[in-house]
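Chemist: Residue numbers (the numbering used here): 266 to 817. Below is one structure. I have some questions about it.
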Amino acid sequence: MRDVTGRGPASPGSGGHRRLRRCLVVSAAVAALVPYPGSAAVAGDAAPATTELTITASVDEHSARLSDDFQGFSVESADFAHGFLTRERMAERLRTLGPGVLRLGGYSMDLVWPAFGKWADVPAPPEAIGGTVDQADLDHLKQLLDASGWKVTLGAPLKTVVDPSKIKNPLRDPSPDVSLEQVVAEVKAAHDTLGDDLLAVELGNEYDNVTTLTGGEMWETAKRYQAAISTAVPHARLKIAGPSPSGAKSSTREDEFVTAALADGSVKPQQVLAELSSHWYPWSHCSGRTMTIQQLMSAETHLNTRAKLAGMRAVSARLHGTVPSTINESNSASCSGMPGVSNSYATALWSLDYLLQGARSGVDRVQFHTNTAAVCGDFKPRESADYPISYRYYGAFCAADPAALDAGQLSANALYYGIWAFRQVPTGKFVDLDLPDTALDRIRAYAVLGRDGSLTVVLINVQDPAAADSTGDTVALNLPAAYRTARAVTLRSTAPGGLASLDAGRITLGDQQISPAGTATGTPRPGTVPVDQRSAAVTVAPGTAQLVTFSH
Numbered sequence: 266m267r268d269v270t271g272r273g274p275a276s277p278g279s280g281g282h283r284r285l286r287r288c289l290v291v292s293a294a295v296a297a298l299v300p301y302p303g304s305a306a307v308a309g310d311a312a313p314a315t316t317e318l319t320i321t322a323s324v325d326e327h328s329a330r331l332s333d334d335f336q337g338f339s340v341e342s343a344d345f346a347h348g349f350l351t352r353e354r355m356a357e358r359l360r361t362l363g364p365g366v367l368r369l370g371g372y373s374m375d376l377v378w379p380a381f382g383k384w385a386d387v388p389a390p391p392e393a394i395g396g397t398v399d400q401a402d403l404d405h406l407k408q409l410l411d412a413s414g415w416k417v418t419l420g421a422p423l424k425t426v427v428d429p430s431k432i433k434n435p436l437r438d439p440s441p442d443v444s445l446e447q448v449v450a451e452v453k454a455a456h457d458t459l460g461d462d463l464l465a466v467e468l469g470n471e472y473d474n475v476t477t478l479t480g481g482e483m484w485e486t487a488k489r490y491q492a493a494i495s496t497a498v499p500h501a502r503l504k505i506a507g508p509s510p511s512g513a514k515s516s517t518r519e520d521e522f523v524t525a526a527l528a529d530g531s532v533k534p535q536q537v538l539a540e541l542s543s544h545w546y547p548w549s550h551c552s553g554r555t556m557t558i559q560q561l562m563s564a565e566t567h568l569n570t571r572a573k574l575a576g577m578r579a580v581s582a583r584l585h586g587t588v589p590s591t592i593n594e595s596n597s598a599s600c601s602g603m604p605g606v607s608n609s610y611a612t613a614l615w616s617l618d619y620l621l622q623g624a625r626s627g628v629d630r631v632q633f634h635t636n637t638a639a640v641c642g643d644f645k646p647r648e649s650a651d652y653p654i655s656y657r658y659y660g661a662f663c664a665a666d667p668a669a670l671d672a673g674q675l676s677a678n679a680l681y682y683g684i685w686a687f688r689q690v691p692t693g694k695f696v697d698l699d700l701p702d703t704a705l706d707r708i709r710a711y712a713v714l715g716r717d718g719s720l721t722v723v724l725i726n727v728q729d730p731a732a733a734d735s736t737g738d739t740v741a742l743n744l745p746a747a748y749r750t751a752r753a754v755t756l757r758s759t760a761p762g763g764l765a766s767l768d769a770g771r772i773t774l775g776d777q778q779i780s781p782a783g784t785a786t787g788t789p790r791p792g793t794v795p796v797d798q799r800s801a802a803v804t805v806a807p808g809t810a811q812l813v814t815f816s817h
């Protein structure tokens, strides 16, 4: 977890805190470039229109920190039950991204059969379409975590443990009859196998979608689970991740949950909760709803995400920093993503922007929901028994064909490239770039001040290079200190389809790619950016991102 959670600025009366303020002025000259990444302006063209932006950057002890384990994945419990989480299939893909956290959960959390303790030899009932989780799955998971350096949270079923009258629709996705005692048996086996790599136990998936439980009732349920787990595994100090409501823009459900926790005089929230978890999908493909690339990359999406993050931080602040705040399931559009959008090149830029936006807000982790073992495009309908392990359009990786899947060869999708680009930003403190909202339809900007004094600026041109009216941005930076060198790594696609391209094989980061084995073809190669002490100019072509690191 990050050691600084991005609390707001100190009040005027807070003593002893010196604020370090720096100014960064950005002048953006919009050049008339041809609409493909890497193209140069044509000599003799008419002078381009210029927009000048003045941006002030402030850094103090309360700035949000960027940690090295901010990113993670959320995978279906059914993938775990089907034995997909193996070292051979997943370790390199995770290790390439550095440390992170796997969340085992999703809607199939209530569709798997835990075969541990006295249930080890009990046949799974027909409702367990998500599969059976047993000791072999835990052993494979242990090998994966050891090889990758990642950690995990374990999802626990909810629907058959709570009062049956609280289930909204018992006929929809009927669940195997798993008791709390059976849940505890799985948790005990998981801790015995995984040790401290097991961070928390998540209580159900989107309880507000499947039950009528109030925030107070969900809090009481969380206490019940945590007490049962503590009795069975007293020295583990395992706590609950929750409440994990559906991805509404408001944080009303989380607030109701925290209100109940704070009103409970019998126990402190931090004694029950390992993390205050939320879900967030800015768009939806559920019930016939749609999303376009223009919508995904729009200022509206960015501003709605900002509102969600601000709401989460406001709720989390009520706990005074005692419980980390996470988005433990997220992606571009709910219900497996939008075909042609969630699997397009646009998601590389969107995910890079979203991760930086989330980290800058002060939340502690963002985890993208993904499939783990699926053939690209082989989507199973919602009513299919194979849906729990189906390909998702927003997945981070998939196999080109069944033979590649059998060989463990999974191709990185656009989403993965965005996460990989994010991992190139060094840990440090965010510098607040006051980019005006009026510029969000063209460019996004972030900056992180490293522990060694280096400054990494990330500029993302969200315009579609295939659009006739797209423009490149030449950004003149007046820097907060004198720097001797600057080097930039570029995220781009060379596919002619622009943001709509579905060919992830044309995406590069610093001219490097991710192999089907899950490893990078090399370290992303930077280009030199001229820097004159406190000033530099960076050109950002449409549909690309520049990660520029200034060093002393």
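The C-beta atom is built at its ideal place from N, Cα and C for all residues, glycine as well.
Okay, do the segment 368 to 378 and the segment 657 to 666 touch, 3+ Cβ pairs below 8 Å being the bar?
Modeler: Output reads no: the segment 657 to 666 does not touch the segment 368 to 378.
Chemist: Beta-carbon within less than 8 Å of residue 770's beta-carbon, same chain only, minus the 5 sequence neighbours each way: which residues are those?
Modeler: The residue you call residue 770 lines up with position 505 of the sequence shown. Once the five neighbours on either side are set aside, the close Cβ partners of residue 770 are 676, 778.
Chemist: Can you name, in chain order, every residue of its own chain whose Cβ lies under 7 Å from the Cβ of residue 462, other than the five neighbours on each side?
Modeler: Position 197 of the sequence shown, counted from the start, is the residue given in the question as residue 462. Closer than 7 Å at the Cβ level, and outside the excluded window around residue 462, lie 410, 416, 417.
Chemist: Alpha carbon to alpha carbon, how far is residue 518 from residue 479?
Modeler: Numbered from its first residue, the sequence shown carries residue 518 at position 253. Numbered from its first residue, the sequence shown carries residue 479 at position 214. Near 8 Å, if we compare the C-alpha coordinates of residue 479 and residue 518.
Chemist: Can you give the Cα-Cα distance for residue 380 and residue 440, rounded to whole angstroms?
Modeler: As a working note, residue 380 is residue 115 in the sequence shown. As a working note, residue 440 is residue 175 in the sequence shown. Rounded to whole angstroms, residue 380 to residue 440 spans 15 Å at the Cα level.
Chemist: Helix, strand or coil: how does DSSP classify residue 688 here?
Modeler: Counted from its first residue, the sequence shown places residue 688 at position 423. Residue 688: coil per DSSP, three-state reduction.
Chemist: On a Cα-Cα basis, can you pick out the residue from 351, 588, 665, 599 that is closest to residue 647?
Modeler: For this step, residue 647 is matched to residue 382 along the sequence shown. Out of 351, 588, 665, 599, 599 has the C-alpha closest to the C-alpha of residue 647.
Chemist: Candidates 511, 486, 467: which alpha carbon is nearest residue 505's?
Modeler: Walking along the sequence shown from the start, residue 505 turns up at place 240. Nearest option by C-alpha distance: 467.
Chemist: When you compare only the Cα positions, how much space is there between residue 447 and residue 469?
Modeler: On the sequence shown, residue 447 is found 182 positions in, with the first residue counted as 1. On the sequence shown, residue 469 is found 204 positions in, with the first residue counted as 1. Their Cα atoms are separated by approximately 14 Å.
Chemist: Here's the rule I'm using: 16 or more other beta-carbon atoms within 10 Å means buried, otherwise exposed. How should residue 898 be labelled?
Modeler: One cannot answer for residue 898 here, as it falls past the ends of the chain, which runs 266 to 817.
Chemist: Note down the Cα distance separating residue 712 from residue 797, rounded to an integer number of angstroms.
Modeler: Your numbering for residue 712 matches position 447 in the sequence shown. Your numbering for residue 797 matches position 532 in the sequence shown. Looking at the two C-alpha atoms, the distance is approximately 19 Å.
Chemist: Go through the segment 376 to 453 residue by residue and report every complete run of the alpha helix (DSSP H) that reaches 4 residues or more, in order.
Modeler: Those alpha helix (DSSP H) runs which fall completely within the segment 376 to 453 and span 4+ residues are 400 to 413.
Chemist: Are the C-beta of residue 584 and some C-beta of chain C separated by less than 8 Å?
Modeler: Given the protein chain composition of this structure (a single chain), no chain C is represented.
Chemist: Which residue wins for smallest C-alpha separation from residue 809, given the options 618, 672, 508?
Modeler: For the purposes of this step, residue 809 is taken as the residue at position 544 of the sequence shown. Considering only alpha carbons, the answer is 618.
Chemist: In whole angstroms, what separates the C-alpha of residue 508 from that of residue 804?
Modeler: The residue you call residue 508 lines up with position 243 of the sequence shown. The residue you call residue 804 lines up with position 539 of the sequence shown. Those two C-alpha atoms are separated by around 44 Å.
Chemist: From what residue to what residue does the alpha helix (DSSP H) around residue 612 run?
Modeler: Residue 612 sits at position 347 when you count from the first residue of the sequence shown. Element bounds for residue 612: 611 to 626.
Chemist: Given a threshold of 16 other Cβ atoms within 10 Å of its Cβ, counted over all protein chains shown, does residue 243 qualify as buried or as exposed?
Modeler: The chain is shown only over 266 to 817; residue 243 falls outside these bounds and no answer can be derived.
Chemist: Quick one: grab the DSSP three-state call for residue 674.
Modeler: Counted from its first residue, the sequence shown places residue 674 at position 409. Three-state result, residue 674: coil.
Chemist: Rounding to the nearest angstrom, what Cα-Cα distance links residue 574 and residue 387 in this structure?
Modeler: Here residue 574 corresponds to residue number 309 of the sequence shown, with the count starting at 1. Here residue 387 corresponds to residue number 122 of the sequence shown, with the count starting at 1. Cα-Cα distance, rounded: 44 Å.
Chemist: Would a C-beta distance cut-off of 8 Å place residue 680 and residue 613 closer than the cut-off?
Modeler: Taking the first residue of the sequence shown as 1, we reach residue 680 at position 415. Taking the first residue of the sequence shown as 1, we reach residue 613 at position 348. Yes, they are a contact pair.
Chemist: What is the DSSP secondary structure of residue 569, reduced to helix, strand or coil?
Modeler: The count along the sequence shown starts at 1 and reaches residue 569 at position 304. Residue 569 falls in the helix class under three-state DSSP.
Chemist: Taking its Cβ as the centre, do 16 or more other Cβ atoms sit within 10 Å of residue 430, making it buried, or is it exposed?
Modeler: Indexing the sequence shown from 1 puts residue 430 at position 165. It counts as exposed.
Chemist: Assess contact between the segment 623 to 630 and the segment 328 to 338, defined as three or more Cβ pairs (one per stretch) separated by less than 8 Å. Is contact present?
Modeler: Yes, they touch.
Chemist: Looking only at DSSP bridge pairs, what is residue 694 linked to?
Modeler: As a working mapping, residue 694 is identified with position 429 in the sequence shown. BP columns for residue 694 point to 330, 714.
Chemist: Considering only residues of the same chain and omitting the five flanking positions on each side of residue 567, which have a CB-CB separation below 6 Å?
Modeler: One-based indexing of the sequence shown puts residue 567 at position 302. Taken in chain order, the residues that qualify are 705.
Chemist: Out of 792, 385, 443, 362, which has the shortest C-alpha to C-alpha gap to residue 393?
Modeler: In the sequence shown, the residue the question calls residue 393 occupies position 128. Looking at the Cα atoms, 443 is the closest of the given residues.
Chemist: What residue range is occupied by the uninterrupted alpha helix (DSSP H) comprising residue 797?
Modeler: Taking the sequence shown and counting its residues from 1, the one referred to as residue 797 is at position 532. Premise fails: residue 797 lies in the beta strand (DSSP E), 796 to 805, not in any alpha helix (DSSP H).
Chemist: Determine the DSSP secondary structure at residue 649, reduced to helix, strand or coil.
Modeler: Reading the sequence shown from its first residue, position 384 is the one you call residue 649. Coil.
Chemist: In the DSSP assignment, find the beta strand (DSSP E) that holds residue 725 and state where it starts and stops.
Modeler: For the purposes of this step, residue 725 is identified with residue 460 of the sequence shown, where counting begins at 1. First-last of the beta strand (DSSP E) with residue 725: 720 to 726.
Chemist: Starting from residue 511, follow its DSSP beta bridges and name the residues at the other end.
Modeler: In the sequence shown, counting from the first residue as 1, residue 511 sits at position 246. Answer is none; residue 511 lacks a bridge partner.
Chemist: Grab me the residues of residue 678's own chain with a C-beta within less than 7 Å of its C-beta, minus the 5 sequence neighbours each way, in chain order.
Modeler: By 1-based counting over the sequence shown, the position of residue 678 is 413. Result list for residue 678: 608, 660, 661, 662, 663, 769, in chain order.
Chemist: Measuring alpha carbon to alpha carbon, tell me which of 422, 555, 500 ends up nearest residue 490.
Modeler: Here residue 490 corresponds to residue number 225 of the sequence shown, with the count starting at 1. Comparing Cα-Cα distances from residue 490 to each of 422, 555, 500, the minimum goes to 422.
Chemist: What residue range is occupied by the uninterrupted alpha helix (DSSP H) comprising residue 486?
Modeler: Sequence index remark: in the sequence shown, residue 486 carries index 221 (1-based). 480 to 497 is the span of the alpha helix (DSSP H), which, as asked, contains residue 486.
Chemist: Could you check if residue 638 is buried or exposed, using at least 16 other CB atoms within 10 Å of its CB as the buried criterion?
Modeler: Along the sequence shown, one-based indexing puts residue 638 at 373. Flag for residue 638 reads buried.
Chemist: Taking only three categories from DSSP, how would you classify residue 536?
Modeler: Taking the first residue of the sequence shown as 1, we reach residue 536 at position 271. Residue state, collapsed to three classes: helix.
Chemist: Taking residue 555 as the reference, which of 644, 602, 730 has the closest Cα?
Modeler: Position 290 of the sequence shown, counted from the first residue, corresponds to residue 555. Looking at the Cα atoms, 602 is the closest of the given residues.
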